[in-house]
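So the structure is just underneath, and the comments pick up after that.
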Amino acid sequence: AEYMGIIFKSMKTLVVLALLVAVALCQNGMKYAKRAESLVGRSRGEYVCNQVNNWALFGKKDTSYQGKYMLADQYLKVGQRIPDAQRQPGDAIVGLNGAHCGMIASDKNIIHSSSSKYRVVKVPFSQARYVFPAGWHVKRVKGTV
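Taking the numbering used here, the leading residue of the sequence shown gets 15, the next gets one more, and so forth.
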C-alpha cells in the first residue's frame, strides 16, 4: 500500500509536468502564429512563403536551421510531424512536394503567402486542399524567438 501511494504521487507529478510542458509549447506556438499574422496583407514580393515561416519562427526572413537554409522544402525535413487533428497555432504546414509552406494560425485558419493574390493571407484550414493540392504535413518546429 505504501508503494502504491508513492507510485500515485509520482504519476501525479508526471501528469502535472506534462501539462506544464504542453502549456509552454502552446504559448510559444501562439507567439509564432501572432508573428505570422502580423504579416497578413504584406506583398508576396516582400514575403514569400518560407520567409513568413522563417520570420515567425526565427525572427529573420532568410535564415538557416540545423545548418540548412530554410526554403519551403526544408520544412518537410525538420521538426516533428503532427496529425492534422492535433495541429496548434504556430505549427508549420508544408506541401508534400515541398513547393509551398505556411503556418497554422488557429484551429480554423492558416497563413501563407498567396501566389494568386500576391500577398500574405489568412484563409480557412478547409482551403488547405487548394493551397497544397498534392497534400501536406503539419510540422512542429522549435523556433528561436
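Ideal Cβ placement from N, Cα and C applies to all residues, glycine included. Keep in mind it's a predicted model, so treat the numbers as computed, not measured.
| Query | Result |
| --- | --- |
| Spatial neighbours of M84 in its chain, beta-carbon cut-off 7 Å, leaving aside the 5 residues before and after | N64, N68, T77 and S78 |
| Environment of Y89 [buried if 16+ CB atoms lie within 10 Å] | buried |
| Exposed unless 16 or more other CB atoms sit within 10 angstroms - verdict on R49 | buried |
| Cross-strand partners of M117 (DSSP beta bridge) | A106 and I125 |
| Environment of P147 [buried if 16+ CB atoms lie within 10 Å] | exposed |
| Integer Cβ distance of S127 from V62, believed to fall under 8 Å | 5 Å |
| Alpha carbon of S162 to alpha carbon of P97, nearest angstrom | Because residue 162 is not part of the residues shown, which for the chain are 15 to 159, the question remains open. |
| Outcome for K74 when other beta-carbon atoms lying within 10 angstroms are tallied against a minimum of 16 | exposed |
| DSSP-derived helix/strand/coil call for M57 | The amino acid occupying residue 57 in the given sequence is Ser; Met does not appear at that position. The answer is strand: DSSP assigns S57 an E or B state. |
| Beta bridge counterpart(s) of Q94 as assigned by DSSP | R154 |
| Collapsed DSSP secondary structure at S130 in the structure displayed | coil |
| Candidates A47, M117, A86 and P103, of which the one nearest N111 by Cα | A86 |
| Selected residue, minimal CA-CA separation from K153, among Q80, A142, R133 and G93 | G93 |
| Beta-ladder partner(s) of Y83, from DSSP | S78 |
| 8 Å contact criterion, which A142 and I125 should meet: CB distance rounded | The pair is not a contact, with the Cβ atoms about 12 Å apart (cut-off 8 Å). |
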